[in-house]
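Just so we're aligned, residue 815 is where the sequence shown starts under our numbering, counting upward by one.
Every residue, glycine too, gets a C-beta built ideally from N, C-alpha and C.
All values derive from a computational prediction rather than experimental measurement.
As structure tokens, the structure follows; a few thoughts come after it.
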Amino acid sequence: MASSTTPKLTRGVYAYDHTDSTGTGPMEAMYTIGSGYAIPASHSAGLRFHGAAKLISAMRYRDQISALAVGQREALTAGRTFALTELVVPAPESGHALAAAARVATGREPGHSARRGLLVCISGHGLLDLAAYDKLLAGLPEDRTADSDALRAATRRRCAAAHPMGNA
């Protein structure tokens, strides 16, 4: 699962990239949208990072897992539904996972199957994000998808010296 504003697992490249936006941190193998990519504001602060975790990236590269991108409105709506049914307010990051799981469970995501079940980890609570849920109810949050040209430029700029991973 990925945020549509930072679609590192769905539209990023698997390469060595810096672990920070200043370019001073170490380079690691990851799916990345480029450490120089200007990430637009969204309510899923925990997902507002240019790279995916090394283990998740390696599994995605080897086709052991798949990924879906979810917009913030869909994520907040899934989080609100979860809160109304389970009485737990999830963080927006968990709302992205809930929205992706709902798509797969209801057969709305071609190429993904819930035949063997779905597991969703709800990490964190949404108590610091209640304003985001208020904005959802007021119809305010906008979904911003990542600009394709900006993604290409960011991965060329910072990942140009990086070498895509082999099959090691």
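Member of the options whose CA lies at the smallest distance from the CA of residue i
i      : options                           : result
Gly909 : Gln878, Arg929, Tyr875 and Leu944 : Leu944
Gly893 : Gln878, Asp877, Ala915 and Ile853 : Ala915
Glu956 : Ser962, Tyr947 and His939         : Tyr947
Ser962 : Gly839, Ala816 and Ile847         : Ile847
Arg966 : Met815, Ala816, Lys822 and Thr891 : Lys822
Arg922 : Val884, Val902 and Ser817         : Val884
CB of residue i within 8 Å of CB of residue j, strictly
i      : j      : result
Asp864 : Ser880 : A small fix is needed here, since residue 864 is His in this sequence, not Asp. In this structure, Ser880 does not lie closer than 8 Å to His864 by Cβ.
Thr836 : Arg958 : no
Tyr851 : Arg874 : no
Ile853 : Arg862 : yes
Leu950 : Leu898 : no
Beta bridge counterpart(s) of residue i as assigned by DSSP
i      : result
Ser818 : For Ser818, which the question treats as bridged, DSSP gives no partner whatsoever.
Asp831 : Glu842
Close beta carbons around residue i, own chain, < 8 Å, minus the five adjacent residues each side
i      : result
Ser937 : Ala905, Glu907 and Ser908
Lys868 : Glu842, Ala843 and Met844
Ala834 : First, the amino acid is wrong: residue 834 is Asp here, not Ala. The residues are Ser849.
His926 : Ser880, Leu882, Arg917 and Val918
Residue i, buried or exposed, once every other Cβ within 10 Å from all chains shown has been counted against 16
i      : result
Thr969 : buried
Asp831 : buried
Gln886 : buried
Leu912 : buried
Arg876 : exposed
Glu900 : exposed
Residue i CB to nearest heavy atom of the ligand ADP below 7 Å
i      : result
Ala916 : This structure simply doesn't include the ligand ADP, nor any ligand for that matter.
Cβ neighbours of residue i in the same chain (closer than 7 Å, five flanking residues each side left out)
i      : result
Gly839 : His832 and Thr833
Thr919 : Note that residue 919 is Ala in the sequence shown here, rather than Thr. Contacts found: Ala928 and Leu932.
Leu942 : none
Cut-off 6 Å between Cβ atoms - residues of its own chain near residue i, not counting five sequence neighbours on either side
i      : result
Met815 : Leu882, His910, Ala911 and Ala914
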